[in-house]
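Right, one structure below, let's go through it.
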Amino acid sequence: MSISVETFFLDATAPGTLQARIQQMVAQGILAGRFRPGERLPSSRRMARHLGVSRITVTLAYTELVADDYLTSRGRSGYYVSENAPEPPAFPALRSAASTVDWSRAIGQKFSSNLGIDKPTDWAQYKYPFIYGQADPTLFDSANWRLCALQALGKRDFTALTSDYFDGDDPQLIEFIARQTLPRRGILASPDEILVTMGAQNALWLTAQILLTQRRRAAIENPCYPALRAVLTQSRCQLSEVDVDSEGLPPDALPADTDVVFTTPSHQCPTTATMPVSRRQALLERASRDDFLVVEDDYEFEMAFLKSPSPALKSLDQDGRVIYIGSFSKSLFPGLRLGYLVGPAAFIKEARALRASVLRHAPGHIQRTVSYFLSLGHYDALVKRTSQAYHGRREVLDNCLQHHGLSVAGEAHYGGSSIWVAAQKHVDTGTLAQNLRRNGVLIEPGSAFFAPENPPRHFMRLAYSSIPASRIPEGVSRIAAAIDALN
């Protein structure tokens, strides 16, 4: 029996190449049970004429389907649905009836929370996106990343791709972190002191789960990374918010009963302030004297273009009190979700066990791809290119802010990818952000970064990682005009 060519339709809005869409069209028909084993498909010539594509495109699609055993080729007779093709389920899929469970009572602990940072998924459609943490496709080396991914898919790396590491990590990536990445921050660590994580946020969660209980006190910076506050709130620990100044976290302001301090000394989030070495040493002295631990989130240290970054806090640590968190997601692309924890072997042992109970390990293929991207020098080239671009954008943004009389509230000593800006105190940057969005401009209101009790509402973060320098002047002009409209 032959399948009528009129049965086939190509969705013009579907993603992928024509060949891939034809493969998907045929495979979905087989999986849905519309095409049965032994039925003959239209010839490649007839299918091509019907779909309005080249014959070779259809032939290549049929060939791929033969390789996957969806189809079989019978000499000059044509292509048929394979007898070994996947079969549709013997029962229909049904939507469950409306739930009768009272989920407001059934949920024992709530984790959903509004972090207050509204980043639209279609941010790239806005002409003036001053939003943080998104990849710029004009800067990323997609060609070499693709080559590294293909290399990681090769026969030589089959074990790294397919193996279950249990609670371990790709040894090639761990070796590079230990020998190349950490020494640049003045840190020496052995493999049993390093753990790969699913980004810095996952590292923060693992650390909080291991070090904190309901009886222990954590101290965090105010303002700070909102997701960290959420992680610590979920841990049910006692939480102290310590106001930062122009040099970051002041050690003298920490509560006497502090057990763990979370800090971003190299690039305070979100003010971008850099903690001087003298204060870092004072923090470590206080930690030793009062017997507390320090968790250092060293994000964006690679984006140094004003001057070289200060040594990592952990590099100054003589007592093994600092847990260090690094991330490749900021310097490569956020969707990568790959970071690492560095700490004493006893701590990493527990972090490894906790990670294994939740997600085992980061995907082997991603780890090996990153390993190649790092070891072949592509990462260093990307960081250099990105830093140069950020430097140019930062200069333009600084000049534009000064021209419009907008105040920079936090200064990074070495670079980064954002600026912390203060408007007049009566300006609500939440309202400002809504007004600007309608005018093609995206900003991040600052209130979400502060402790939730009566946060100041006149701060905002302007990132320059995702906006070309040529659009910055007009974007800042629109921000200034929107502020004037609120006066």
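This note's numbering numbers the first residue of the sequence shown as -14 and each following residue consecutively. Just so it is clear, CB atoms sit at the ideal spot from N, CA and C, and this is done for glycine as well. Just so you know, these numbers come straight off a predicted model, no measurement behind them.
According to DSSP, is residue i helix, strand or coil?
| i | result |
| --- | --- |
| Thr243 | coil |
| Asn424 | coil |
| Asp304 | coil |
| Phe161 | helix |
| Gln253 | coil |
| Glu438 | coil |
| Ala(-1) | coil |
| Asn207 | strand |
| Val66 | strand |
| Pro114 | strand |
| Gly395 | strand |
| Tyr525 | Because the chain in this structure spans residues -14 to 472, residue 525 falls outside the shown range and cannot be described. |
| Glu(-9) | helix |
| Ala448 | strand |
| Asp230 | strand |
| Gln13 | helix |
| Thr192 | helix |
| Leu269 | helix |
| Gln8 | helix |
| Glu380 | helix |
| Val412 | coil |
From the options, pick the residue whose C-alpha is nearest to that of residue i; which is it?
| i | options | result |
| --- | --- | --- |
| Leu391 | Val406, Gly377 and Leu213 | Val406 |
| Leu234 | Gln266, Gln219, Gln223 and Lys112 | Gln266 |
| Leu132 | His346, Leu427, Gly14 and Ile351 | Ile351 |
| Ala70 | Asp54, Ala83 and Ala408 | Asp54 |
| Gln110 | Ile464, Asp469 and Arg422 | Arg422 |
| Thr106 | Lys95, Ala120 and Arg463 | Ala120 |
| Tyr364 | Ser225, Pro208, Ala128 and Leu138 | Ala128 |
| Val245 | Ser231, Leu268 and Trp88 | Leu268 |
| Glu178 | Ile205, Glu24 and Ile310 | Ile310 |
| Gly305 | Glu24, Ile333, Glu380 and Thr(-2) | Ile333 |
| Tyr47 | Asp237, Gln8, Leu239 and Ser231 | Gln8 |
| Ser360 | Asp383, Gln373, Ala33 and Thr166 | Thr166 |
| Gly460 | Pro437, Leu382 and Val393 | Leu382 |
| Ser97 | Thr243, Ala212, Ala241 and Ile457 | Ala212 |
| Pro176 | Gly23, Ile159 and Pro437 | Ile159 |
| Asn424 | Ala465, Ala33, Ala454 and Ala330 | Ala465 |
Report buried or exposed for residue i, applying the criterion of at least 16 other Cβ atoms within 10 angstroms of its Cβ.
| i | result |
| --- | --- |
| Asp388 | Checking the sequence shown, residue 388 turns out to be His, not Asp. Exposed. |
| Pro430 | buried |
| Cys220 | The displayed chain sequence assigns Ser, not Cys, to residue 220. Ser220 is buried by the Cβ-count criterion. |
| Glu281 | buried |
| Leu278 | buried |
| Trp130 | buried |
| Ser451 | buried |
| Val343 | exposed |
| Lys104 | exposed |
| Arg164 | exposed |
| Pro114 | buried |
| Ile41 | exposed |
| Ser402 | buried |
| Trp108 | exposed |
| Asn187 | buried |
| Pro236 | buried |
| Met288 | buried |
Once you ignore the five residues that flank residue i on each side, which residues in its own chain have a CB closer than 7 Å to its CB?
| i | result |
| --- | --- |
| Met10 | Phe(-7) and Leu(-5) |
| Ser295 | Ser251, Thr259 and Val262 |
| Phe435 | Asn207, Pro208 and Pro441 |
| Arg370 | Leu124 |
| Pro468 | In the sequence on display, residue 468 carries Ile and not Pro. The residues are Ala408, Val412 and Leu417. |
| Ala338 | Asp152 |
| Leu191 | Thr182, Leu326, Ala336, Leu339 and Arg340 |
| Ser29 | Arg40, Val43, Thr44 and Tyr47 |
What is the C-beta distance between residue i and residue j, in whole angstroms, given that I count them as a contact (C-beta under 8 Å)?
| i | j | result |
| --- | --- | --- |
| Thr487 | Gly395 | Any answer about residue 487 is impossible in this case: the structure gives the chain only from -14 up to 472. |
| Phe125 | Leu367 | 7 Å |
| Val181 | Asp154 | 4 Å |
| Leu189 | Val216 | 5 Å |
| Leu323 | Phe313 | 5 Å |
| Pro240 | Ala204 | 6 Å |
| Pro77 | Leu16 | In fact, because the Cβ distance is near 14 Å, the residues do not count as touching under 8 Å. |
Within 8 Å (strictly less), CB to CB, does residue i reach chain C?
| i | result |
| --- | --- |
| Lys140 | Absent here is chain C; the protein component of the structure consists of one chain. |
With a threshold of 8 Å on Cβ separation, who are the neighbours of residue i within its own chain once the five nearest residues in sequence on each side are excluded?
| i | result |
| --- | --- |
| Thr414 | Ala408, Ile428, Pro430, Gly431, Ser432, Arg442, His443, Phe444 and Met445 |
| Arg31 | Val(-10) |
| Leu146 | Ala137, Leu138, Gly349, His350 and Arg353 |
| Ser509 | For the chain, the structure presents residues -14 to 472; residue 509 sits outside this window and is missing. |
Only counting the same chain, and skipping five residues up and downstream in sequence, which positions put a Cβ closer than 6 Å to that of residue i?
| i | result |
| --- | --- |
| Gly14 | Phe20 |
| Gln136 | Tyr357 |
| Asn420 | Ala467 |
| Ala12 | Tyr55 |
| Leu26 | Ile(-12) and Tyr64 |
| Glu285 | His252, Lys315 and Gly401 |
For the ligand COA, is there any heavy atom lying closer than 7 Å to the beta carbon of residue i?
| i | result |
| --- | --- |
| Asp87 | As presented, the structure is devoid of all ligands, the ligand COA included, so that no description of it is given. |
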